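2 protein chains.
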Amino acid sequence: MARPHQPILSRELIMTAALELVDKDGRFTVPELAHKLGVSVSSLYHHVGGRADIVEGIRGLLTRPLTEVAPADDWQEAVRRWANAYRDGFAAHPAAIPMLVSQTVSNPVTLAQYDRLAEILEDQAGLTGDDLLVAITMLDNLCLGAALDLAAPPEIWSADNRDTALTRALAAAPDPDRDRSRRAFERQLEVIIASLARQLVRD
Amino acid sequence: MARPHQPILSRELIMTAALELVDKDGRFTVPELAHKLGVSVSSLYHHVGGRADIVEGIRGLLTRPLTEVAPADDWQEAVRRWANAYRDGFAAHPAAIPMLVSQTVSNPVTLAQYDRLAEILEDQAGLTGDDLLVAITMLDNLCLGAALDLAAPPEIWSADNRDTALTRALAAAPDPDRDRSRRAFERQLEVIIASLARQLVRD
DNA sequence: ACCTGAACACCGTTCAAGT
DNA sequence: ACCTGAACACCGTTCAAGT
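Sequence order for the protein chains is A and B. With the numbering used here applied, the first sequence covers 1 to 203. With the numbering used here applied, the second sequence covers 1001 to 1203.
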């Protein structure tokens, strides 16, 4: 075949196909991805730097909705919106999280969204230096953790043939209750915001 | 060489060597592990089921300290002790966390510790069914998140050559402030405990 | 510029052979 | 029972060859 007149691949196409594989199988492989795209493995390397680049692309896809979140005058409301959109992005593709956790964040879209959060906390709220970084880390962990628990409940702990308090609780639980998980997330988010607000008053 | 009179390998030896590699390099490979142990790759398979088994063994090593945590009459204190020991276990080996997150928990030592937590929350505190599982998940996420943020701060976000609110905050931050991270963890833990207590009063 | 096939180094796992 | 070397299927990456 060789070079077609119209390129059949693009970064966008590759990233979304990879994400689809992750959603379906919980993982993706470069050969699997090439097969899904009807292309030879080496073709991919004309568009992406390698596997890690594709993973970063997936991170970009998950954080893209954050771009459209409207700002708010109240810093607490701005943080709320940011955290909810961030969590939602990951919650929609929980299988991707382990991959993302094991790799440094370098995707520009994602970094830009962290910059936005940093600006909200610095310019609007008035946090500085170390406090600022701690706040970002807390919010980051909250969103990731909340999305992570959607990935798994029945699957996190192997339901072997024991009979214990844990296995009974697992059996009693319905499949991942997304609504309940969301409420737990929102409650913890309010707690963090309140704690930041208290900290600001003290200064 | 063939079979030695005294076995030179054991599960314990394999697991601890693997954990040392993870601490040193952030990852481990079966060949690397064999090399470190001065043994051929196939020898390992006489003692462990495979790579996933070794990862579960590492999980067991990290949760072993939990075995020695003394029980407490007060459920709130019991939960506090459990969560602190759990977090400390992971915080001592943060590089292992991505590996652990991507694999179902099947290690018996770890499962036994989750059973203990479930018993505390069920028998001592009085939580039931779904509430129980939600509480466990919240505590699990808290500990994992807290340990995760120790893994990284300067490394999570690629410090490229931009100048933004985020990069300035990163530059201002000292290396991972373990003490500050611990205080943030303990504050969030108290919040969860208080929220569980309030929930119990309501019933 | 963009696709291909062939090649390479590496990984996880299996298995027959040795004691 | 426990170590070994050889073999296998698979993965990520590179590169010269084609248009």
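Backbone N, C-alpha and C define an ideal beta-carbon position, used for all residues, glycine too. No experiment lies behind these values; they were computed from the predicted model shown.
For the pair of segments examined, the region 1124–1144 of chain B was found to touch the region 1188–1196 of chain B: the number of CB pairs separated by less than 8 Å reaches three. Using a Cβ-Cβ cut-off of 9 Å, Leu-148 of chain A counts as an interface residue toward chain B, since at least one Cβ of chain B sits closer than that to its own. The region 55–74 of chain A and the region 1062–1082 of chain B do not touch, with fewer than three beta-carbon pairs separated by less than 8 Å. Across the region 118–133 of chain A, CB contacts with chain B closer than 7 Å involve Ala-118, Glu-119, Glu-122, Gly-129, Asp-130, Leu-132 and Leu-133, in sequence order along the chain. Between the C-alpha atoms of Phe-90 of chain A and Ala-1002 of chain B there is a straight-line separation of about 51 Å.
Within the model, the alpha-carbon separation for Arg-1202 of chain B versus Arg-116 of chain A is close to 39 Å. Identification of residues in the region 52–81 of chain A having a C-beta nearer than 9 Å to some C-beta of chain B yields an empty set.
Sequence-distant partners of Leu-1132 of chain B (beyond 5 residues in either direction) whose C-beta falls short of 8 Å from its own C-beta, in its chain, are Ala-1118, Leu-1121 and Glu-1122. Close to Arg-187 of chain A, with beta-carbon spacing below 8 Å, are these residues of chain B in chain order: Ser-1195. In the DSSP secondary-structure assignment, Trp-1157 of chain B is bridged to A:Val-105. Scanning chain A for C-beta atoms nearer than 8 Å to the C-beta of Pro-1098 of chain B yields Pro-98, Val-101 and Ser-102, reported in chain order. From the beta-carbon of Ala-1165 of chain B, the residues of chain A found nearer than 7 Å are Asp-115, Ala-118, Glu-119 and Glu-122. With a 10 Å radius around the Cβ and a threshold of 16 neighbouring Cβ atoms, Val-1079 of chain B comes out buried.
Ser-106 of chain A is positioned such that its CB atom lies closer than 9 Å to that of Glu-56 of chain A. Lys-36 of chain A places its beta carbon 9 Å or farther from that of Leu-19 of chain A. Ala-1169 of chain B places its beta carbon less than 9 Å from that of Gly-129 of chain A. Chain order gives the chain A residues near Val-1191 of chain B as Val-191, where near means a beta carbon separation below 7 Å. The residues Leu-1009, Ser-1010, Arg-1011 and Ile-1014, in chain order, have a CB closer than 7 Å to that of His-1047 of chain B in the same chain once the five nearest residues on each side in sequence are set aside. Look at Leu-62 of chain A here: in three-state DSSP terms it is helix. Neighbours of Asn-84 of chain A in chain B, taken as residues whose beta carbon is under 9 Å from its own, are absent, since the nearest beta carbon is some 17 Å off. Counting only residues of its own chain and dropping the five nearest sequence neighbours on each side, Val-39 of chain A has a CB closer than 8 Å to the CB of Ile-8 and Leu-9.
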